[in-house]
Amino acid sequence: MSKIKIATVGPIPRDTIITHKGETIKKYGCITHPTIALSKLLGDDGLVFPVTHINKEDEPPIKELFQPYPNINTAGLYTHHDRGTIIELKFLDQNNREEKQLSKMAPITPEDVKPFLDVDAFVFVPVTDFEIELETLKYIKQNSKALIIFDAHGPTSRVDENGARVRKLWEDKNDWLPYIDVLKMNLEESQFSWCQDENILNSYDDQYTDHLDDFAEYALSKNVNTLYITLDSRGCLSYHKENGETRKEFIKSVWVDNVVDTTGCGDSFAGGLAYGLALYKDRIKAAQYANLMGALRTQGTGFDVFKNKDESDKIIQEYYSS
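Position 248, counted from 1, in the sequence shown is what this note's numbering calls 246; the numbers after and before it change by one each time, with no gaps.
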């Protein structure tokens, strides 16, 4: 059997994080989470290709971070622009945070992904709306058979004139959706993708789900194959078309008692989707891996929280067989 190949695409920000418990954490984030999670899951059976632009000074520590994982290929760590991402995150509570962007990465272009067109899946996890060019998704669609998994955090976030990362409506989604196979978002991002009133940006309701079915119908009509919407600790919803009818399924979360750090949970979730879809071609199995990767991410501040395939499969079997 040939090895599974997955490209993780987005920034590797140099993060300073203040947790909701007042702890200060300094680390490299975003695609480091799905990259290492996938590396552990794949083991000898696959390769992971992080694709990003970073500052030249960050190249040695990032390569050192990936060095313990021999199945991570670092050919896509680009430094020729010397433009990476630097971010400060302050959590107000377990799930909500203030974000400040101190440096912007150069956007990912078709030329950047060209060496990786033979992968089984691209996982795009942009943090803000300028990091991935639409032409890049179009280029992959035209030149690769790879599955395109896309996190909506990017197009529902922007950087204001003071460097603060703030929410925005996804107004140009019609341009993007035809080039996305699997769309992943949280409940807040789904509201910002569907609602046309900017007042919602200041009045997010984590219990409001009335729009989800309508948004799912819309996204699937634009050529999205599967829509996943995470519902924080409750689990996630999956939508897809089957025999012309929309099918909606709920996949419960993997429960954890103590949440240490939620940074990177959504990114890790996207990595789990890529693994389940690339290996099993199964939407529900993919959601189970995604839920597990997101849950494991909360269990510490380092990357030792992630498990290998055997350990992960054991948890999934025990948790989802009941």
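Glycine residues also receive a C-beta, built at the ideal position from the N, C-alpha and C atoms.
Everything numeric in this text was worked out from a predicted model, so none of it was measured.
Alpha carbon of residue i to alpha carbon of residue j, nearest angstrom
i, j, result
"proline 101", "tyrosine 76", "The sequence given here places serine at residue 101; proline does not occur at that position. Using only the alpha carbons, I get a separation of about 16 Å."
"glutamate 131", "asparagine 141", "16 Å"
"threonine 50", "aspartate 280", "28 Å"
"glycine 161", "serine 319", "46 Å"
"isoleucine 52", "alanine 35", "20 Å"
"glycine 152", "glutamate 96", "16 Å"
"isoleucine 85", "lysine 98", "6 Å"
"isoleucine 249", "histidine 78", "42 Å"
"aspartate 13", "threonine 30", "11 Å"
"tyrosine 216", "tyrosine 237", "11 Å"
"serine 37", "aspartate 56", "21 Å"
"isoleucine 384", "glycine 20", "Nothing in the structure corresponds to residue 384, since the chain is present only between -1 and 320."
"serine 0", "alanine 272", "17 Å"
"lysine 24", "proline 59", "12 Å"
"aspartate 149", "valine 157", "17 Å"
"glutamine 65", "glutamate 187", "34 Å"
"isoleucine 106", "glycine 82", "11 Å"
"lysine 307", "tyrosine 317", "15 Å"
"glutamate 309", "alanine 293", "14 Å"
"glycine 341", "leucine 87", "One cannot answer for residue 341 here, as it falls past the ends of the chain, which runs -1 to 320."
"glutamate 196", "phenylalanine 213", "17 Å"
"tyrosine 26", "proline 11", "6 Å"
"glutamate 169", "valine 46", "32 Å"
"lysine 171", "tyrosine 226", "16 Å"
"aspartate 311", "glutamate 159", "46 Å"
"serine 201", "methionine 183", "18 Å"
Reference residue i; option with closest CA among the options
i, options, result
"glutamate 265", "Arg295, Ile85, Asp195", "Inspection of the sequence shows that residue 265 is occupied by aspartate rather than by glutamate. Out of Arg295, Ile85, Asp195, Arg295 has the C-alpha closest to the C-alpha of aspartate 265."
"lysine 220", "Arg245, Asp173, Glu243", "Asp173"
"lysine 61", "Asn184, Thr33, Ser251", "Thr33"
"lysine 54", "Asp80, Leu199, Lys246", "Asp80"
"glycine 74", "Pro113, Ile178, Glu21", "Pro113"
"cysteine 193", "Leu167, Gly82, Phe128, Asp42", "Leu167"
"valine 121", "His18, Ile313, Asp195, Pro48", "Pro48"
"cysteine 28", "Asp302, Tyr237, Thr260", "Thr260"
"glutamine 297", "Asn256, Leu87, Asn241", "Asn256"
"leucine 199", "Leu185, Leu210, Asp211", "Leu185"
"isoleucine 313", "Val254, Val111, Tyr216, Leu277", "Val254"
"phenylalanine 301", "Tyr317, Leu63, Val46", "Leu63"
"lysine 305", "Asp42, Pro66, Met291, Lys88", "Met291"
"tyrosine 67", "Leu87, Gly41, Asp118", "Gly41"
"glycine 270", "Leu39, Asp118, Leu225", "Leu39"
"threonine 207", "Gln189, Asp195, Glu129, Asn197", "Gln189"
"asparagine 93", "Tyr226, Cys263, Met103", "Cys263"
"aspartate 118", "Asp179, Met103, Glu159", "Asp179"
Residue i vs residue j beta-carbon contact at 8 Å
i, j, result
"serine 251", "asparagine 223", "no"
"leucine 218", "threonine 244", "yes"
"leucine 115", "alanine 144", "yes"
"glycine 44", "isoleucine 2", "yes"
"valine 258", "threonine 228", "no"
"histidine 209", "aspartate 91", "no"
"lysine 124", "glycine 8", "Here residue 124 turns out to be proline, not lysine, going by the sequence shown. In this structure, glycine 8 lies closer than 8 Å to proline 124 by Cβ."
"alanine 268", "isoleucine 147", "yes"
"threonine 134", "serine 191", "no"
"lysine 136", "tyrosine 177", "yes"
"arginine 163", "threonine 126", "yes"
"aspartate 204", "lysine 246", "no"
"isoleucine 16", "phenylalanine 128", "no"
Residue span of the beta strand (DSSP E) that contains residue i, given as start and end
i, result
"threonine 17", "It is not in any beta strand (DSSP E) - threonine 17 carries neither H nor E in the DSSP assignment."
"leucine 235", "233 to 240"
"glycine 27", "Note, glycine 27: premise wrong, no beta strand (DSSP E); not H, not E."
Start-to-end residues for the alpha helix (DSSP H) that takes in residue i
i, result
"threonine 33", "30 to 40"
"serine 191", "185 to 192"
"phenylalanine 213", "210 to 219"
"isoleucine 60", "57 to 64"
"isoleucine 282", "281 to 295"
"valine 117", "No alpha helix (DSSP H) holds valine 117; DSSP gives it neither H nor E."
"serine 266", "263 to 278"
"tyrosine 137", "132 to 141"
Contact test: residue i Cβ vs the ligand MN heavy atom, cutoff 7 Å
i, result
"methionine 103", "The model depicted lacks the ligand MN and carries no ligand whatsoever."
Practice item. Report yes or no: do three or more beta-carbon pairs, one from the segment 229 to 242 and one from the segment 280 to 289, lie closer than 8 Å? Key: These segments touch.
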